[in-house]
Amino acid sequence: MKKFKILALFLLIAILAPTLPTSAFADASSPPEIAAARALLMDPASDTVLYEKNADEQASPASLTKIMTALIVLEEANLDDMVTVSQSALDDLHPDSSIAGLYAGEEILMEYLLDCILIASANDACNVVAEHLYGSIDAFVDRMNERAAELGCTNTHFMNTHGLTEEGHYSSPRDIYKITLAALENPHFLEICNTASVIIPATNKSGERTFFTTNHLISRLKNPNYIYHYAKGIKTGHTSGAGYCLVSSAEKDSSYYICVVMGSVYDQETERIMSFVDSKNLYEWAFDCYSIQQLLDPTKGLYELPVSLSSDADYVVLKPESGLDALLPDTFDIEQVELEVTVDSPEGVDAPVVKGDTYGSVTVVWNGREYGTIPLIAINSVSLDKTLLYAQEVKGFFSQPWVLFVGLAIVLLIVGYIIFVIAINSRRRRNRRSRGYRGRR
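Heads up, the working numbering is the position in the sequence shown plus 16, with the first residue counted as 1.
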C-alpha cells in the first residue's frame, strides 16, 4: 500500500511540474537559464544590474530600433501635426514586413503614427515621421545616431528608422536600456507601449484601422500563452537575423525592473517564443530573490569624537544622518558591509557641540560597490565649561611667541635693572669707605 502512495505522489509531481514556475526548481540565489544570446535586467531606481549576459555585445536590434525613433518624435515633434505620407517613405519597405498599410498622399496625425510605431511596430510609419521631421530618412537616421551618442551609447549604430536587418545597423542590450530609459522620461511613451490595441480613425485614403500590440506579455488578444500581469510595455522585435528581441518592464509591490533580451529563439519543441519566456523568468527570479535591504542603520553610533572644554563629557558619539537602503539579494549579509568613516577633526573638537551638527561622513561599500556617502552628525549636545575656556585662553595667551618674547624682555630688563642697582649701590659703598678712610688721616 505504501508503494502505491509513493507512486501516486511521483505521478502527481510529474503532472504538475510543467506548470510550475522555473524559480520553483532553481536555486533561489541563481538566475534562470535563458535562451537569449544577450540580456540585461536592471533596477532603474538604483541603476543596479541584477542580471546580464553579453550585455555589451553588438547585434541587430530589429524593431527595438523603433524606441529611438519614438524618442525623437516625443522630444522634437508636435503630436498634433498633420503629416502627409510620401511615396519615397514607402519605397524601401518589403510588403511582407511589419507595416500599418499607409498610402502615398494619406494625411494622418503624428500621434497616430506614433501609435503605429509602438503598438503595431509599423515600419512605414517610422519612415513617414522621419521625412516629416528632418526632410529625409537619411537626415533622421543621422539624428538617431547623434542622440544615441548623447545618451552614452557606445555599441550602437543605426542605418534605418525601423530595424530591418542591414549591415552596420546594430546595438546592444545596455545601449537599448539607455535609450529606453530616456524614452520613459516621457509618461506618454509607456502609456502607448502598454496599450493592448488602438483604433486609428479613418483618413482621406483609408477607413478606420485597428492594430493590436505585438507584446504578448501585456495582452491575450493575439496570443494568450505569455500574459504576465506585472508587465508594462515596452517593445518587441524580430527578424530572421536578429532573432526574437524584447524590451519590457514589470512592477510588483515596490519593485520596478526593466529587461532587455536580444537574440532569443522560437522553441520548436515547446512552440514558444522564448523572448517572452526569458523575460518573465528573469522577472520572477528577481521578484523572488531581491528586496530592499538596510545597508546602514541611522541609529547606530560609528565614532567617538573627543571633546575639550566641557565638564559634561570627554567625547560625543557620531551617527549617520540617515539610513541607507538598497536593492540587494535576499542572501545579503550585513556583516559584509564595509563602512569607511571620515572625520573632519579626528583629534577632537572644542565644546560646545550641538546635536545634529556634521563632523564627518561615512561611505557604505558592499561587494566592491559604493552605495552612498552619508554625513555623520553629533548624537547629542555637549555644553561649554567657561572656567576651562578661560583657563585655556590664559594658557593660550601666555604660550604665544610674542608674549614669551615680551616676558623674556621684561625679565631681562628686571635682571638688568637689579644688576644696575647692585652695581650702583656697590659703587656708593666703595665711595663712602674711601671718603671715610681719607677723613681719619
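Ideal placement from N, C-alpha and C gives every residue a C-beta, glycine not left out.
This one's a predicted model, so the numbers in the text were calculated from it and none came from an experiment.
Bridge partners of residue 347, per DSSP?
Walking along the sequence shown from the start, residue 347 turns up at place 331. Residue 347 pairs with nothing; no bridge assigned.
Can we say the stretch 309-322 touches the stretch 368-387, given the rule of at least three CB pairs closer than 8 Å?
yes
Cβ distance (whole Å) where residue 398 is taken to contact residue 332 below 8 Å:
Residue mapping note: residue 398 aligns to position 382 of the sequence shown, counting from 1. Residue mapping note: residue 332 aligns to position 316 of the sequence shown, counting from 1. Right, the Cβ-Cβ distance comes to about 5 Å (below 8 Å), so this counts as a contact.
Under 8 Å, Cβ to Cβ, is there at least one residue of chain E near residue 320?
No chain E appears in this structure, which consists of one protein chain only.
DSSP has residue 307 in a bridge; who is on the other side?
As a position in the sequence shown, residue 307 is number 291, starting the count at 1. Residue 307 pairs with 344.
Can you tell me whether residue 508 is buried or exposed, with buried defined as 16 or more other CB within 10 angstroms of its CB?
In this structure the chain extends from 17 to 457, so residue 508 is not present and cannot be described.
Residues near residue 71 in its chain [Cβ-Cβ closer than 6 Å; skip 5 each side]:
The residue labelled residue 71 in the question sits at position 55 within the sequence shown. Counting only Cβ-Cβ distances below 6 Å, and skipping sequence neighbours, we find 56, 189, 190.
For the beta strand (DSSP E) holding residue 391, just list the boundary residues, first then last.
Taking the sequence shown and counting its residues from 1, the one referred to as residue 391 is at position 375. Residue 391 -> beta strand (DSSP E) spans 385-394.
Could you tell me the distance, in whole angstroms, from the CA atom of residue 225 to the CA atom of residue 139?
For the purposes of this step, residue 225 is taken as the residue at position 209 of the sequence shown. For the purposes of this step, residue 139 is taken as the residue at position 123 of the sequence shown. Roughly 16 Å between the two C-alpha positions.
Which listed residue (98, 94, 394) has its alpha carbon closest to that of residue 220
Within the sequence shown, numbered from 1, the residue matching residue 220 stands at position 204. Selected option, being the one with the closest Cα: 98.
Can you check the stretch 261-344 for any beta strand (DSSP E) of at least 3 residues that lies completely inside it and give the ranges in chain order?
271-280, 306-312, 319-324, 331-336
Neighbourhood of residue 217 by C-beta distance below 8 Å, restricted to the same chain and skipping five residues each side
In the sequence shown, the residue the question calls residue 217 occupies position 201. Closer than 8 Å at Cβ, skipping near neighbours: 128, 224.
For a test of the three-state rule: what should DSSP assign to residue 41, helix, strand or coil?
In the sequence shown, the residue the question calls residue 41 occupies position 25. In this prediction, residue 41 scores a pLDDT of 29, lower than 50, which makes its location untrustworthy; the coordinate-derived value is nonetheless stated afterwards. Residue 41: coil per DSSP, three-state reduction.
The stretch 147-166 contacting the stretch 254-262, beta-carbon criterion three pairs below 8 Å:
no
Simplified DSSP assignment, three categories, for residue 173:
Position 157 of the sequence shown, counting from 1, holds the residue named residue 173. DSSP places residue 173 in strand when its eight states are reduced to three.
Taking the alpha helix (DSSP H) that residue 458 belongs to, which residues open and close that run?
Lying before the first or after the last residue shown, residue 458 is absent from the chain, which here runs from 17 to 457.
Which first and last residues belong to the beta strand (DSSP E) in which residue 63 is found?
Here residue 63 refers to the residue found at position 47 when the sequence shown is read from its first residue. Careful: residue 63 lies outside any beta strand (DSSP E) and carries neither H nor E.
Applying the criterion that 16 or more other CB atoms from any shown protein chain within 10 Å of the CB defines a buried residue, is residue 425 buried or exposed?
Translated into the one-based positions of the sequence shown, residue 425 becomes position 409. Flag for residue 425 reads exposed.
So, with DSSP's three-state summary, where would you put residue 67?
Translated into positions along the sequence shown, residue 67 becomes position 51. Residue 67: strand per DSSP, three-state reduction.
Apply the 10 Å Cβ neighbour rule to residue 274 and answer buried if 16 or more other Cβ atoms are within range, or exposed otherwise.
Numbered from 1 along the sequence shown, position 258 holds the residue referred to as residue 274. Residue 274 should be labelled buried.
Have a look at 181, 211, 174, 210 and flag the residue whose alpha-carbon is nearest the alpha-carbon of residue 195.
By 1-based counting over the sequence shown, the position of residue 195 is 179. It is 174.
Segment contact, 8 Å Cβ cut-off, at least three pairs: the stretch 268-284 with the stretch 50-68:
yes
On a Cα-Cα basis, can you pick out the residue from 133, 130, 192 that is closest to residue 73?
Within the sequence shown, residue 73 is the residue found at index 57, counting from 1. Residue 73 has its Cα closest to that of 192, out of 133, 130, 192.
Taking the C-alpha atoms as reference points, what is the distance between residue 458 and residue 288?
The requested residue 458 does not occur in the structure, where the chain is confined to residues 17 to 457.
Would you call residue 299 buried or exposed, if buried means 16 or more other Cβ atoms sit within 10 Å of its Cβ?
For the purposes of this step, residue 299 is taken as residue 283 along the sequence shown, with counting starting at 1. Residue 299 is buried by the Cβ-count criterion.
Between the beta-carbon of residue 176 and the beta-carbon of residue 126, is there less than 8 Å?
Counted from its first residue, the sequence shown places residue 176 at position 160. Counted from its first residue, the sequence shown places residue 126 at position 110. No. Outside cutoff.
How many whole angstroms separate the CB atoms of residue 277 and residue 294, which I take to be in contact at a CB cut-off of 8 Å?
In the sequence shown, residue 277 corresponds to position 261, counting from 1. In the sequence shown, residue 294 corresponds to position 278, counting from 1. That pair is a contact at about 5 Å.
Please report how far the alpha carbon of residue 239 lies from the alpha carbon of residue 205, in whole angstroms.
Locating residue 239 in the sequence shown gives position 223, where the first residue counts as 1. Locating residue 205 in the sequence shown gives position 189, where the first residue counts as 1. About 23 Å.
Report the rounded CA-to-CA distance for residue 91 versus residue 149, giving the unit in angstroms.
Working through the sequence shown from its first residue, we reach residue 91 at position 75. Working through the sequence shown from its first residue, we reach residue 149 at position 133. So the two alpha carbons sit approximately 11 Å from each other.
Give the C-beta separation of residue 381 and residue 354 to the nearest angstrom, bearing in mind that I take them to be a contact with Cβ-Cβ under 8 Å.
Taking the first residue of the sequence shown as position 1, residue 381 is located at position 365. Taking the first residue of the sequence shown as position 1, residue 354 is located at position 338. Confirmed, about 4 Å.
Note down, one range per segment and in chain order, each alpha helix (DSSP H) of at least 4 residues found wholly within the stretch 103-145.
126-134
Measuring alpha carbon to alpha carbon, tell me which residue in 134, 75, 436 is nearest residue 89.
Numbered from its first residue, the sequence shown carries residue 89 at position 73. Among 134, 75, 436, the Cα nearest to that of residue 89 is on 134.
Measure the CB-CB distance between residue 296 and residue 267 and report whether it falls below 8 Å.
Looking up residue 296 in the sequence shown gives position 280. Looking up residue 267 in the sequence shown gives position 251. Cβ atoms of residue 296 and residue 267: not closer than 8 Å.
What did DSSP end up calling residue 375 once you bin it into helix, strand or coil?
Here residue 375 refers to the residue found at position 359 when the sequence shown is read from its first residue. Note: residue 375 maps to strand in three-state DSSP.
Secondary structure at residue 254, three-state DSSP: helix, strand or coil?
In the sequence shown, counting from the first residue as 1, residue 254 sits at position 238. In this structure, residue 254 counts as strand in the three-state DSSP scheme.
Between the alpha carbons of residue 200 and residue 245, how many angstroms are there, rounded?
What you label residue 200 is simply residue 184 of the sequence shown in a count that begins at 1. What you label residue 245 is simply residue 229 of the sequence shown in a count that begins at 1. When rounded, the distance between both Cα atoms is 20 Å.
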